[in-house]
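Asker: Numbering of the sequence shown is given in full-length UniProt numbering, commencing with residue 1 and proceeding in unit increments.
The beta carbon of each residue, even a glycine, is placed where N, CA and C say it ideally should be.
It should be emphasised that the depicted structure is a prediction, and the values quoted were computed from it without experimental measurement.
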Amino acid sequence: GRCIKRRLVCNVDNDCGDFSDEDNCESDPRSPCRNHDIDVSEVGRTAGQGINVLGMQPMASPFDNDFFNGLCEKVRDGNTRTYYRKPWNVAVLTYDTKADKTFTSVFYHDRVKMLREVYIEKQKHFNADLSLKYTPTEGSNKTASEGNYRYHYSKNSSLSSILKSSTERWHSHLLSSCIQNQTFLHVKGKIQLGRFQMRSRDVRLTDSFLDDLNFLPAEYDKGEYFKFLEDYGTHYAVSGIVGGKYELVYVLDNYAMSQIGITVEDVKKCLGYHLDANVAYGGLHATVNIDGGKCEKIHVKDKCKSELKDDAIIDDVISFVDGGKIDFSTKIKEMLLRGSKMVDVEDYIQWAKSLVDASVVIQQRPSPIHTLAPVKMRNAYLKKQNLERAIEDYITEYSVCKCEPCKNGGTVVLVDGACTCMCSSYFKGIACQIPKST
């Protein structure tokens, strides 16, 4: 445990971190919230989480957001009319539920342009271009936080779906003339539950963060410092918005659409994305109907069949959903394998309802992780300098600048240290050096 002020002893809260302050209480503990049973704010618990400059999900949070410093500060969620308890580390916490008025939907005919739109937006705070890293490689022995059941999309899986060439995916059962002809329908909807601002002084950090910081060598060791950055993040969210992002990319087969006489707009309407994105909070049941029975013709490719002729319009669905309790990647895989009902606006409604208990930080103002090093810690100044250097080295180590340039206008992407060329629709090969036969 850690040292605490005497006034925090025997107050029901776990102020020491190991409940030792609640042992040997002669009289009944005096709870700061008296006899009221108030849940901890899930928005507050999520506040301040780590951010990795290259996009990976940090394994642990630097902040102990189960510490209240003996106070019972309450915030009201107007949506559920419930009071929640605010953690000490969070200076400002407001519940302010907002959903996008409409779904944003854009379609691309170019895989590279779609990749840039999806990933550069996620990295907009950092100048990392298409340098991405989603797999820890620096010897971390940490596992995801206990009780962390919030859903973060499988970034590796989603990215590999985009990077795979169409030829690899469909060579066994599609004509080569159809392979190159795909449209990417990018659908987005965002729900905000609340905002937070972290305390600037006297924050309570977790014991594991302080221990790991303490064990870092005063002399710069790249491996040790990289491991620390992958555990806790290169930065943390000093303020931000908590909620969830619903984001999917539907990979559509242009040839199949033309054969059936269906447009991208028809697909969008059939899936329900022309509706108000507030549908989840309006208590509405989304029903979709388009004249001519077009919606009945929209189905997913059956991965289990290998016939050459296949009129399925949806080749694949790639999930970038963040937040909520529903694992959309698993759900989508099951639907694709069975060729069953497609993920649509009804699934969005179910996901939105689960956000209250499983929200994530969807927008943040980052601050470097080294700013959290306590001034009184031994060798604090040296470790701050080392962490600052480590962040620069980490970005350089996994920079797309290390890759050989692609030929013929191809775009180079660095993922987990491996260089990949994304070619235009006219070229193929490792470096986009081979013209595609027309």
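1. If we call anything under 7 Å between Cβ atoms a contact, is Y119 one with M56?
2. With a cut-off of 8 Å on the beta carbons, I'd call K74 and Y84 a contact; round off their distance for me.
3. In this structure, how does DSSP classify H109 when only helix, strand and coil are distinguished?
4. I'd like to know whether the C-beta of F68 is nearer than 7 Å to at least one C-beta of chain B.
5. If you compare alpha carbons, which of I362, H235, S131 and Y348 is closest to G244?
6. Name the residue from I51, L115, Q49 and D96 whose alpha carbon lies nearest to the alpha carbon of V412.
7. Give me, in chain order, the residues of the same chain whose beta-carbon lies closer than 6 Å to that of Q197; leave out the 5 immediate sequence neighbours on both sides.
8. When we look at the beta-carbon of E230 and count the other beta-carbons within 10 Å, is it buried (16 or more) or exposed?
9. Apart from the five residues just before and just after H171, which ones in its own chain have a Cβ nearer than 6 Å to its Cβ?
10. Quick check on L213: does DSSP put it in helix, strand or coil?
11. If you reduce the DSSP assignment to three classes, tell me which class K190 lands in.
12. Taking C-beta to C-beta, are L382 and A218 nearer than 7 Å?
13. Just the C-alpha distance for K428 and K436, rounded to the nearest angstrom, thanks.
14. In its own chain, which residues sit with a C-beta less than 6 Å from the C-beta of D344, not counting the 5 before and 5 after it?
15. Can you give the Cα-Cα distance for M257 and V106, rounded to whole angstroms?
16. So, is C401 buried or exposed, given that buried needs 16 or more other C-beta atoms within 10 angstroms?
17. Buried or exposed: where does H109 fall if 16 or more other Cβ atoms within 10 Å of its Cβ makes it buried?
18. At what residue ranges does the stretch 210 to 254 contain a whole run of the beta strand (DSSP E), taking only runs of 3 or more?
19. Taking its Cβ as the centre, do 16 or more other Cβ atoms sit within 10 Å of Y398, making it buried, or is it exposed?
20. Out of L205, D39, H36 and G194, state which residue places its alpha-carbon closest to the alpha-carbon of N65.
21. Which residue spans inside the stretch 17 to 77 form an unbroken beta strand (DSSP E) run of at least 3?
22. Output the residue ranges of the beta strand (DSSP E) runs that lie fully inside the stretch 362 to 425 and measure 3 residues or longer, sorted by chain position.
23. Report the CB separation of N52 from G233 in whole angstroms; it is logged as a contact under 8 Å.
24. If I measure Cβ to Cβ from E117 and keep anything under 8 Å in the same chain, skipping five residues before and after, which residues do I get?
25. Buried or exposed: which applies to Y193, given that a residue is buried once 16 or more other Cβ atoms fall within 10 Å of its Cβ?
26. Going by DSSP, what residue range makes up the alpha helix (DSSP H) through A352?
27. Once DSSP output is grouped into helix, strand and coil, what is the label at A99?
28. How long is the line joining the alpha carbons of I314 and A418, rounded to whole angstroms?
29. In the DSSP assignment, the beta strand (DSSP E) including D316 goes from what residue to what residue?
30. Around the C-beta of Y426, are 16 or more other C-beta atoms found within 10 angstroms, so that it is buried, or is it exposed?
31. Here's the rule I'm using: 16 or more other beta-carbon atoms within 10 Å means buried, otherwise exposed. How should G147 be labelled?
32. Pull up the distance between the alpha-carbon of L216 and that of P366, whole angstroms please.
33. Under the rule that 16 or more other beta-carbon atoms within 10 Å means buried, what is G409, buried or exposed?
34. Count the other CB atoms, across all protein chains shown, that sit within 10 Å of the CB of S200; report buried if there are 16 or more and exposed otherwise.
35. DSSP puts T104 in a beta bridge; with which residues?
36. What span of residues does the beta strand (DSSP E) with Y84 cover, start to end?
Answerer: Let's see:
1. Taking the sequence shown and counting its residues from 1, one reaches residue 119 at position 119. Taking the sequence shown and counting its residues from 1, one reaches residue 56 at position 56. Not a contact, by the Cβ cut-off of 7 Å.
2. Here residue 74 corresponds to residue number 74 of the sequence shown, with the count starting at 1. Here residue 84 corresponds to residue number 84 of the sequence shown, with the count starting at 1. About 7 Å separates the beta carbon of K74 from that of Y84, a gap short enough to meet the 8 Å contact definition.
3. Position 109 of the sequence shown, counted from the first residue, corresponds to residue 109. DSSP places H109 in coil when its eight states are reduced to three.
4. The chain inventory of the structure shown lacks chain B, comprising one protein chain alone.
5. On the sequence shown, position 244 is the one that residue 244 refers to. Its Cα nearest to that of G244, the residue I362 stands out among I362, H235, S131 and Y348.
6. Counted from its first residue, the sequence shown places residue 412 at position 412. Selected option, being the one with the closest Cα: L115.
7. The residue you call residue 197 lines up with position 197 of the sequence shown. For Q197, where only same-chain residues beyond five positions count, the Cβ hits under 6 Å are A91, V92 and S239.
8. Here residue 230 refers to the residue found at position 230 when the sequence shown is read from its first residue. By the Cβ neighbour-count rule, E230 is buried, with 16 or more other Cβ atoms within 10 Å of its own.
9. In the sequence shown, the residue the question calls residue 171 occupies position 171. Per-residue confidence for H171 stands at a pLDDT of 36, beneath the threshold of 50, marking its modelled position as unreliable; the derived number appears in the next sentence. Hits under 6 Å: none found.
10. Along the sequence shown, read from residue 1 onward, the residue named residue 213 stands at position 213. In this structure, L213 counts as helix in the three-state DSSP scheme.
11. Your numbering for residue 190 matches position 190 in the sequence shown. In the structure shown, K190 sits in a strand (DSSP, three-state: E or B).
12. Residue numbering aside, residue 382 sits at position 382 when the sequence shown is read from its first letter. Residue numbering aside, residue 218 sits at position 218 when the sequence shown is read from its first letter. Yes, these two residues count as a Cβ contact at 7 Å.
13. Here residue 428 is taken as the residue at index 428 of the sequence shown, counted from 1. Here residue 436 is taken as the residue at index 436 of the sequence shown, counted from 1. Taking the straight line from one Cα to the other gives about 6 Å.
14. Stepping through the sequence shown from its first residue, residue 344 is reached at position 344. Only residues of its own chain outside the window of five on either side were considered, and among them L271 and G272 have a CB closer than 6 Å to the CB of D344, listed in chain order.
15. For the purposes of this step, residue 257 is identified with residue 257 of the sequence shown, where counting begins at 1. For the purposes of this step, residue 106 is identified with residue 106 of the sequence shown, where counting begins at 1. Computed Cα separation, rounded: 17 Å.
16. Start at 1 with the first residue of the sequence shown, and residue 401 comes out as number 401. C401 should be labelled exposed.
17. By 1-based counting over the sequence shown, the position of residue 109 is 109. By the beta-carbon neighbour count (other beta carbons within 10 angstroms, threshold 16), H109 is exposed.
18. If we require 3 residues or more, the beta strand (DSSP E) runs fully inside the stretch 210 to 254 come out as 235 to 253.
19. Stepping through the sequence shown from its first residue, residue 398 is reached at position 398. By the neighbour-count criterion, in which a residue is buried when 16 or more other Cβ atoms sit within 10 angstroms of its Cβ, Y398 is buried.
20. The residue given as residue 65 occupies position 65 in the sequence shown. Closest by alpha carbon: L205.
21. Taking 3 residues as the shortest admissible run, the stretch 17 to 77 contains the following complete beta strand (DSSP E) segments, listed from N- to C-terminal end: 74 to 77.
22. Counting only unbroken stretches of 3 or more residues, the beta strand (DSSP E) elements lying wholly within the stretch 362 to 425 are 411 to 415 and 418 to 422, in sequence order.
23. As a working note, residue 52 is residue 52 in the sequence shown. As a working note, residue 233 is residue 233 in the sequence shown. That pair is a contact at about 5 Å.
24. As a position in the sequence shown, residue 117 is number 117, starting the count at 1. Short of 8 Å from the beta carbon of E117, and not among the five residues preceding or following it, lie these beta carbons of its own chain, in chain order: V106, Y108 and H186.
25. Taking the sequence shown and counting its residues from 1, the one referred to as residue 193 is at position 193. This sequence places Leu at residue 193; Tyr is not what is there. L193 comes out buried.
26. As a working mapping, residue 352 is identified with position 352 in the sequence shown. Where A352 is concerned, the enclosing alpha helix (DSSP H) stretches over V345 to K353.
27. For the purposes of this step, residue 99 is taken as the residue at position 99 of the sequence shown. Strand.
28. For the purposes of this step, residue 314 is taken as residue 314 along the sequence shown, with counting starting at 1. For the purposes of this step, residue 418 is taken as residue 418 along the sequence shown, with counting starting at 1. Taking the CA atoms as reference points, I314 sits about 29 Å from A418.
29. In the sequence shown, the residue the question calls residue 316 occupies position 316. Per DSSP, D316 belongs to the beta strand (DSSP E) from I314 to S319.
30. Along the sequence shown, read from residue 1 onward, the residue named residue 426 stands at position 426. Using a 10 angstroms sphere on the CB of Y426, the tally of other CB atoms stays under 16, which defines it as exposed.
31. Here residue 147 corresponds to residue number 147 of the sequence shown, with the count starting at 1. Residue confidence for G147 is low, a pLDDT of 38 falling below 50, so the modelled location carries little weight and cannot support an answer.
32. To locate residue 216, count along the sequence shown from 1; it is residue 216. To locate residue 366, count along the sequence shown from 1; it is residue 366. Straight-line measurement puts the Cα of P366 at about 23 Å from the Cα of L216.
33. By 1-based counting over the sequence shown, the position of residue 409 is 409. Counting the other CB atoms within 10 Å of its CB gives G409 a total below 16, which places it among the exposed residues.
34. Here residue 200 is taken as the residue at index 200 of the sequence shown, counted from 1. S200 comes out exposed.
35. Here residue 104 refers to the residue found at position 104 when the sequence shown is read from its first residue. Per DSSP, the beta-bridge partners of T104 are K188.
36. Here the question's residue 84 lines up with position 84 in the sequence shown. T82 to R85 is the span of the beta strand (DSSP E), which, as asked, contains Y84.
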